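For the sequence shown, the residue numbers in my numbering are 841 to 1550.
What follows is a set of notes on a single structure, which appears directly below.
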Amino acid sequence: MPALATPTVVFKSVCRSCHGGCGTLLHVRDGVLVKVEGDPQSPLNHGRLCPIGTVTVDLVNHPDRLQYPRRRVGPRASGQWTRISWDEAFDEIAERLLAIREEFGPEAIALGTGTGRHHIRWVSRFGHALGTPNWCEPGFAQCFHPRVNTCILTFGDFPVSDFTGGTPPACMLFWGHNPLNSGPDGETRFNVREALDTNPKIIVVDPRETELARRADVWLQLRPGTDDALALAFLNVIIGEQLYDAPFVERWTHGFDLLREHVRAFTPEWAVPITWVAAEKVREAARLFARTKPAMLEWGCAIEHTPKCIQTVRALSMLPALTGNVDVPGGWVFGMHGIGRFPSLIENLTPEANAKRLGADRFKLLGGEGADLPSAHIPTLLQAMREGIPYSVKAFLVFGNNTLTTYANSALVYESLMKLDFMVCADLFMTPTAELADIVLPAASWPEIDQIAGLPTVAANVVLANQRAVRIGESMSDEEIFVELARRMKLPVGTESVEEVLNSQLARGGLDMTFAELKEKGSVTIPFKYRKYEDGGFKTPTGKIELYSTRFAAMGYAPLPCYEEPPESPISRPEVAEDYPLVLTTGARIPYFFNSEHRQIENLRKAHRHPTAEIHPETAARYGIAKGDWMWIETKRGRIRQRARLTTGIDPRVIAAEHGWWFPEQPAPEYGVWRSNVNLLTDNQPPYDPAMGTYQLRALLCRVARAEPE
Ligand SMILES: Nc1nc2c(c(=O)[nH]1)N[C@H]1C(S)=C(S)[C@@H](COP(=O)(O)OP(=O)(O)OC[C@H]3O[C@@H](n4cnc5c(=O)[nH]c(N)nc54)[C@H](O)[C@@H]3O)O[C@H]1N2
Ligand SMILES: Nc1nc2c(c(=O)[nH]1)N[C@H]1C(S)=C(S)[C@@H](COP(=O)(O)OP(=O)(O)OC[C@H]3O[C@@H](n4cnc5c(=O)[nH]c(N)nc54)[C@H](O)[C@@H]3O)O[C@H]1N2
Ligand code: SF4
Ligand SMILES: [Mo]
């Protein structure tokens, strides 16, 4: 008799390899993930997947995946490990943490996580259950959350672009954002492509000539780090030429007259020497944006990678507000919040514990009263590890972050981590960061977990279920690890099962279903309601969009947007520019890797083998650099090597280098992390954004030279 073929079971789930959201179908045979495809029924991707999602099987089944807990046996960073059981790992972590909490107080234990992870809020939840206010994520001060916190204070909620409501935008303004490579970051790249297919007017603000810039009606090639000046010039034109929506502004905004006076001086001509953008082009772009409705602002992290990020975000958020593009079909819209507020257990922190959050006294939008979910200030946390100032941080639990590559100033980060008494790292793979830990835990990848996702992020109009289809080795989801640790440590809160928490979130969001029921359905789409403010106003102190922010004024921050020169630029530091004459920007997203991830996946790596930096052919010729050469990129803080990509799509005065590079194929424990890692060039020292604590990741001064091949 012929052997019966084992049937394939198909699970509906959601890809979380980036900020996530693409619906997927996971095909499992004999407990093995054999195929992943886009779910044609998903409203976010309609069956498509990006290059990263496409290789999910390679990620999940990769031979280098961590499969069991391990304990370090040699000195820190010696690369010597032994296998231990989960019981041993949990007991040791619980014992060490309880001892540190007893001796130094709970705030001596810090937690770190990575961007947009499914478990990000579980990290803060566990910290709060433990009694520590010190958790952090490299994106909180630098990415997305500055936009979230600023918008909540300005509009009372976070607006997103309306990609699923059925009305296409007539104009799309992409500002420091390239969602064709980077989405989803609140939207998916597929929704963006569908919107582009309807042929809207396109405006792009980017120092690099991206695919979008090539398609744009107007491309503004600004000097990196000068978005605040350019945004003020936009406001000057829109207000000065009376292009704003007067009835809307009159009825629904607060402080318009003050703003009008304030931006009078910031003409496009004023901005030219700062931004390098011709005044006429600024006028053309501002007019096009204001006159074409509905219009969307699609903004990205480039505007947040500077120490004046909050004021830049504030100024930009006023463009849709003044032109009446808020909460309208095909424009910006507030979400329906289909997932309820996450039970972060922050109420478990006493006022004294809250006050100890590192940086909270200074950076109120990051760690204090202006924060949606307060977190610690990373440079202050690192100083506490290194120098015990203002108090000592002894333990660091890293759940899904490659600290050595994605925080600014990697050399100082290394020094700080080496001072710890105890470090735990949960990851899918060994990384240069995990090599510094005492205990490493094998985290489950997204096809191995149960979770819910709400897209766009914060707005949550589409609620989707992640469901566990397979399990690799002894891997455990981060969520399950936290629950088990809370139980072992006998914490008073935070011990409910993962499913109980997911059910409570769904109940709070008003979706009348359990997690089990959501898994059956795959996803739920809640239709947008528009102009919700007409019923009760905006959720701000004045009930209006606060162009003049009363909350900023009360917290002691500038209530109207302003411009500041980047701290390390040809204008602010001419003496540095003599030795380092080029402007460096970093981290523009590429479609094959997510931040520091995926370098071990050959099917992605073969599409993008080497770290690559963009340079103008004239500049390259001046320094004797030819196409494909390795080149040194050097700042005052260090030097790295990346391969030169010559392109006329970049200003001859600018270099754009990639971020996140390490080389899994090179020997442990360093994996080549000191060769091409762009954060050896960045700085985490002051100045910081006064409200958010943000440091500078783009717009620094550098020089280049030809490097010998490796
Ligand atoms: N110079 C420069 N630096 C930057 C940027 C830049 O543009 N320029 N961008 C900044 C921005 S915006 C951000 S948000 C940060 C991002 O920084 P990170 O959040 O640190 O990003 P990743 O490199 O994605 O690190 C995630 C780690 O989590 C692991 N991982 C993946 N899935 C899971 C999981 O489910 N559980 C666990 N436990 N681990 C998992 C991965 O293997 C990887 O090691 O980088 C910042 N750094
Ligand atoms: N495939 C993939 N997707 C990702 C990520 C990834 O690593 N890979 N990372 C995720 C993360 S953490 C984030 S935050 C998002 C980021 O995604 P985006 O918000 O799209 O940000 P980037 O691609 O980093 O930068 C967007 C554009 O800003 C330009 N830029 C550089 N400097 C400046 C500047 O000073 N001003 C202006 N106006 N533009 C500038 C760059 O040239 C780039 O084209 O993507 C997420 N999605
Ligand atoms: S865009 Fe993000 S969620 Fe979609 S397939 Fe790619 S990695 Fe997955
Ligand atoms: Mo980010």
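Even glycine gets a Cβ: it sits at the ideal position worked out from N, Cα and C.
Since the structure is predicted, the reported quantities are computational estimates derived from the model, not experimental observations.
Query	Result
A1126 versus I1079 - alpha carbon distance	10 Å
Assigned secondary structure, H867 (DSSP; H/G/I helix, E/B strand, else coil)	strand
Option nearest L1555 by Cα separation, candidates A1309, L1128, L1304, T1038	An answer regarding residue 1555 cannot be provided, because it is not within the stretch 841 to 1550 covered by the chain.
Test item: CB-CB of A969 and V1333 under 8 Å	yes
Start-to-end residues for the alpha helix (DSSP H) that takes in E1324	1318-1328
Cβ shell of E1034 (< 6 Å), same chain only, five flanking positions each side left out	none
Minimum length 3: unbroken beta strand (DSSP E) runs contained in the region 1244-1307	1262-1267, 1279-1282, 1291-1295, 1302-1306
Three CB pairs or more closer than 8 Å across the region 1159-1172 and the region 1489-1500	no
Bounding residues of the alpha helix (DSSP H) (the contiguous stretch that carries T1522)	Element bounds for T1522: n/a, residue is neither H nor E.
For V1233 and L938, the rounded distance between their alpha carbons	14 Å
Neighbourhood of I1490 by C-beta, 8 Å cutoff - its chain only, sequence neighbours within 5 removed	P1047, R1048, E1049, E1454, I1455, H1456, A1496
Heavy atom of ligand 6 within 7 Å of E1437 beta-carbon	This structure does not include ligand 6; its bound ligands are ligand 1, ligand 2, ligand 3 and ligand 4.
Backbone secondary structure at G952 - three-state DSSP	strand
Cα-Cα separation between E1255 and V963, rounded to whole angstroms	24 Å
Sequence-distant residues of its chain with Cβ nearer than 8 Å to G860 (five each side left out)	V854, G956, H958, P1024, W1286, A1293, L1295
Per DSSP, the bridge partner or partners of K875	H867
Counterpart residues of G1478 in DSSP-defined beta bridges	T1475
Three-pair Cβ contact test at 8 Å for the region 900-914 versus the region 1213-1231	no
N-terminal and C-terminal residue of the alpha helix (DSSP H) that P1087 is part of	1086-1092
Contact test: G979 Cβ vs ligand 4 heavy atom, cutoff 7 Å	yes
Inter-residue Cα distance where the pair is E1124 and A1073	12 Å
Local Cβ density within 10 Å of V874, reported as buried at 16 or more and exposed below that	exposed
3-residue-minimum beta strand (DSSP E) runs that sit fully inside the region 1332-1412, ordered along the chain	1363-1365
Of the listed residues R912, P1134, G1208, G1178, nearest to P1530 (C-alpha basis)	G1208
For A1497: DSSP bridge partner residues	T1426, A1453
Cα-Cα separation, G1500 to T1246	6 Å
Under 8 Å between C-beta atoms of N1242 and S1516	no
Three-state secondary structure assigned by DSSP to E1227	helix
Close Cβ partners of C1011 (< 8 Å) along its chain, the five nearest in sequence each way excluded	P1040, K1041, I1042, I1043, L1128, F1129, T1132, K1133, P1134, A1135, M1136
Near ligand 1: H1499 beta-carbon under 7 Å from a heavy atom	yes
Status (buried if at least 16 other CB within 10 Å, exposed otherwise) for A1086	exposed
For C1011, the first and last residue of its enclosing beta strand (DSSP E)	1011-1015
Stretch-stretch touch, CB-based, cutoff 8 Å, three pairs: the region 1005-1020 with the region 1104-1122	no
Extent of the continuous alpha helix (DSSP H) to which A1539 belongs	Segment: none, A1539 is in no alpha helix (DSSP H) and carries neither H nor E.
Inter-residue spacing [alpha-carbon to alpha-carbon] between W926 and E1339	21 Å
Alpha carbon of V1416 to alpha carbon of T1475, nearest angstrom	10 Å
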